[in-house]
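Since the structure comes first, as structure tokens, the remarks are kept for the end.
Protein chains: 2
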Amino acid sequence: MTIEENLKKLRSNYKEISQLSGIMALMGWDQQVYMPKEGVEGRANQMALLGGIIHDKATSEEFGKVIYDLVAEITDLDADDDLAREVKLTKKAYDRETKIPKELVIESSILSAQAHSAWLEAKQTDDYAKFEPFLKKTLDLTLRLVEFFKPYDHPYDVLLDVYEPGMKKVEVQAIFDALRPRQVEILQKIAASEQVDDSMFTKEFPIDGQKRINTFLTRLMGLPTDRTRLDETEHPFTTEFGFDDVRITTHYHTKQVLSALMSTVHEGGHALYQLGMNRDWMETALGQPISLGVHESQSRLWENMVARSHPFWEFVYPLMQMEFPSQLENVSLEQAWRAVNKVQPSFIRTEADEATYNLHIMLRMELEIAMLDGKLDTKDLPEAWNARMRDYLGVVPPTNTLGCLQDVHWSGGMLGYFPTYALGNLISAQWWDKLREDLPNTDEHLRQGKFDEILAWLVKNVHKASSRYDTQDLLQRVTGERLNPDHYIKYLSDKYQKIYNF
Amino acid sequence: MTIEENLKKLRSNYKEISQLSGIMALMGWDQQVYMPKEGVEGRANQMALLGGIIHDKATSEEFGKVIYDLVAEITDLDADDDLAREVKLTKKAYDRETKIPKELVIESSILSAQAHSAWLEAKQTDDYAKFEPFLKKTLDLTLRLVEFFKPYDHPYDVLLDVYEPGMKKVEVQAIFDALRPRQVEILQKIAASEQVDDSMFTKEFPIDGQKRINTFLTRLMGLPTDRTRLDETEHPFTTEFGFDDVRITTHYHTKQVLSALMSTVHEGGHALYQLGMNRDWMETALGQPISLGVHESQSRLWENMVARSHPFWEFVYPLMQMEFPSQLENVSLEQAWRAVNKVQPSFIRTEADEATYNLHIMLRMELEIAMLDGKLDTKDLPEAWNARMRDYLGVVPPTNTLGCLQDVHWSGGMLGYFPTYALGNLISAQWWDKLREDLPNTDEHLRQGKFDEILAWLVKNVHKASSRYDTQDLLQRVTGERLNPDHYIKYLSDKYQKIYNF
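Just so you know, the protein sequences line up as chains A and B, in that order. Heads up: the first sequence is residues 1 to 502, going by the working numbering. Heads up: the second sequence is residues 503 to 1004, going by the working numbering.
In structure tokens form, the structure reads like this:
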């Protein structure tokens, strides 16, 4: 077959996998948003069946032959060339799906189902011993799976590569090592300052008014009503069923008005990234988000750089006062903005503020590596966790439920996932600095609730690139340098100096 | 292979087809209920892809071999025996999917897409000439398709069998012939009587209050919240994603309070039937609704026999007055009940009352047969339509949009479908008479809004039978006679005598 014929076959198969994955996403979304409770067993069977069909398509010998025929034709897979890149990415995904023997895939999915149940029970009863044997098995299996991806410098590179393609353990460690003391320093300065009061935002805020503000913000951000939806789920998320159907969810709590607002903007940022993929590459390996870190950089940029900024609050606060006059009548803009940015070291990662969030991540990555290296026994995890919490955050969780049992990831075998959250924070600040350099009127636009130029910059520079370049290459092309934590540190210290007067 | 092995294979394949069909239903539901507008193209591609996968499974040679091996082992496929019945039904579905050559299936789906567009445009512009050539092609193709199901007494039998298995044209004609003069007679008596005023139900009824009443009624009917949902769509419908996930929709209009109420109860009746299938036969050919006629008998029973009955209005009317005090303050129960049952010959089938509905159906079936027999040229359809409208209903549609272009069915090649609506009406009255004989306190229960015994009777006698017996056999077993239109006629004349005093 000619290159053209092979390429046509490759794309047709990729497209089918992509369309079936969109169906899978619809089933998952419906399960969380609207499915009646008793539907769960039938849905699980449907998802398993479709999952099998997708797996067969993604690992078929015919697909492999087409890919490897193309690889043989293309002289340099790493060339700066659309076609080479598309084949390289398709091959990479195929290799990942096929390198692991089927028995191990099955073993892994059985283990993660068991580990998930054990984790849930352990977390609910604060009994780490119930989860520990499964964590140990998960580690062992992970190390066996990693073997199929030799050669590597370190097993962690193989894990990280799933979520943050091309990024290496040593690179991330170097970044985190530079970051850690400076984040801790900021935190210490904040601790020594007068604390911020955010009690005004824990009054009763009726859901109706919250819905009006959240919906209005999604429109302002530029989320198109004909390609998106906003629904409600226990845990907010973003999901994609196809190029023109990307949905987000949020969660309203009457006594946590900021929670829904920040969740909506955060998920809105994810959705805008997904909607901004290059349409020419729709349903090909080129037209995908490049990494979880870059994905998170978009949600964080909207949530933190935009929605926690002073100019944005100059715009949004009068709307909130109009909607909630009695709750906010005696609260000044300055008080509100400081409250939105309150720092408070705490036990739970997902509730962490900007000054502490990355420290939660570093702790997890260090522990993951220590366990993979055999330097930390899973039995000793709680002590190691708590020791680091004391060192980095100055607080020690009173229970393992509030400590090493809080996150779901390890029970699903998702080691190497956590760093992408922190990388997303760092990358968001790097985009933001460049964006403000290119668009010097950004503060003024935020004051007017005008987001179109911000979004256009992100689409042009980040979204449209889709998976054409790895994260570091994309950063280099857009900002002129590879990932550099200085941007985030400067952003943090500038902001908190103002709020905490240090 | 042994019978057990073959049966296991047969069931496993049937189950997969059934699960994938549930996924397909989810995609269709989401498209109508929640999908953002621009998602339509991506969704169509996903549905086409999954449709192909389902078709491949439903027509695979391996599946055929398993079925025919079982057929060879079973001495009498028509035996009154679960296994024989299951194999017979599975074989029937397989034959239907495989008898028609693939080219014809494709030709048919292309034609129906074109015919649907042409019909839409013709209907919107009241220009029958735009649709006529496609109707002619649809008829020609239908006659070619029918050939593959020889021998038959009449082509119409083949068409009817898709929707109402086992029912024959001559049987339905005999029923309709007995029915027609008696329905026309009732209608003439009504026309000669004092007419009913229903203007009180066309005032403004806020949607909020309508929602409360509709949701409350679904609970009272026995629709379990953990296995069902009620959403809103342009056209109400019922859909099933799996044994424990059956959803209905309704449509609220501020100025048509009865429309949503009757739609909700109607779809609720469909959903209860679906939810009542025999769980032992889940995802097998035995565990399906037996026919559209029986399906419709359930929705009609709840809508008409229950929700338009006087005792039910004794229960529900105070609730409506409480919810809508100003709209209904000067309206008596008798006035309200009469309004709910108002008869008014009109052009549109879907808006027809109980006294006229079946006449709309008979007209369509007669025209379908005349066209298939070559006795009516598609060019002459409008005249033939209008002549029958005058004869049966005493009204002539001023346009073809309000006449022969009103229904979507023919554009999709669905000839032989219409009779099931009227059969559903007739069957509902036959169940109802037997139910009231078995449960003499039914009127008292309706007065108390107590539906559990009615539902239990339906589940035991109709739902649990699932597809174990053909419609006529099921009627015989439960009511002691085959389909008999006397029940419906008696029901109609009893009711309308009271309302119109004839």
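Using N, Cα and C, we set each Cβ at its ideal position, and we do this for glycine too.
Here G541 of chain B is not near G276 of chain A, since their CB atoms are 8 Å or more apart. For E831 of chain B, the secondary structure class from DSSP, reduced to helix, strand or coil, is coil. Spanning the alpha carbons of F565 of chain B and L869 of chain B requires a straight line of approximately 39 Å.
If you compare the alpha carbons of A:T399, A:E354, A:P165 and A:F324 with that of Q288 of chain A, the shortest gap goes to A:P165.
Taking a contact as a CB-CB distance under 8 Å, the pair S834 of chain B and H618 of chain B does not count as one, their CB atoms being some 47 Å apart.
By the C-beta criterion, the segment 820-837 of chain B is judged to be in contact with the segment 708-715 of chain B, since at least 3 inter-stretch pairs fall below 8 Å.
Listed along chain B, the residues sitting closer than 9 Å to P36 of chain A by beta-carbon distance are P726, T727, D728, R729, T730, R731, D746, D747, V748 and R749. Between G789 of chain B and chain A, the shortest Cβ-Cβ separation is not below 8 Å.
The beta carbons of A787 of chain B and S969 of chain B sit closer together than 8 Å. With a threshold of 8 Å between beta carbons, I525 of chain B makes contact with chain A. Burial state of A79 of chain A is exposed, judged by a 10 Å Cβ sphere holding fewer than 16 other Cβ atoms. Listed in chain order, the alpha helix (DSSP H) elements of length 4 or more contained wholly in the segment 817-896 of chain B are 827-830, 835-842, 859-874 and 883-895.
In the DSSP assignment, L732 of chain B forms a beta bridge with B:I750.
With contacts defined by Cβ atoms closer than 8 Å, L861 of chain B and L895 of chain B form a contacting pair.
Interface residue (Cβ-Cβ distance to chain A less than 8 Å): Q675 of chain B is not classified as such.
Contact between L641 of chain B and L907 of chain B is absent: CB atoms are separated by about 16 Å, not below the 8 Å threshold. Any Cβ of chain B closer than 8 Å to the Cβ of M221 of chain A would place that residue at the interface, and such an atom is absent. Burial check for H768 of chain B: the Cβ neighbour count within 10 Å reaches 16 or more, so the residue is buried. Think of a sphere of 8 Å around the beta carbon of D30 of chain A: the chain B residues whose beta carbon falls inside it are L528 and D532, in chain order. For T125 of chain A, the enclosing alpha helix (DSSP H) starts and ends at K102 to T125. The beta carbon of E673 of chain B sits closer than 7 Å to none of the beta carbons in its chain outside the five residues before and after it. When the beta-carbon positions are compared, T254 of chain A and E194 of chain A stay at least 8 Å from each other.
Rounded to whole angstroms, the separation of the alpha carbons of K670 of chain B and G51 of chain A is 43 Å.
Of the residues A:L70, A:E296 and A:I454, the one whose Cα lies closest to the Cα of T238 of chain A is A:E296. When the alpha-carbon of D782 of chain B is set against those of B:E588, B:D879, B:S614 and B:A872, the nearest one is in B:E588.
For G541 of chain B, the nearest CB of chain A lies under 8 Å from its own CB, placing it at the interface with that chain. For T592 of chain B, the enclosing alpha helix (DSSP H) covers residues D584 to K601. By the rule that beta-carbons nearer than 8 Å mark a contact, E16 of chain A touches chain B.
Nearest CB-CB separation between F205 of chain A and chain B: not below the 8 Å threshold. Between the segment 626-634 of chain B and the segment 642-656 of chain B, the count of C-beta pairs closer than 8 Å stays below three; the two stretches do not touch. Collapsing the DSSP output to three states places F131 of chain A in a helix. Minimum Cα-Cα distance from D198 of chain A among the listed residues A:L492, A:I369 and A:D353 corresponds to A:D353. Per DSSP, E742 of chain B is one residue of the beta strand (DSSP E) stretching across T740 to G744. A straight line joining the alpha-carbon of K123 of chain A with that of M35 of chain A spans about 26 Å. Of A:D82, A:K88, A:S21 and A:P151, the smallest CA-CA separation from D69 of chain A is found for A:K88.
In the three-state scheme derived from DSSP, where H, G and I count as helix and E and B as strand, Y971 of chain B is classed as coil.
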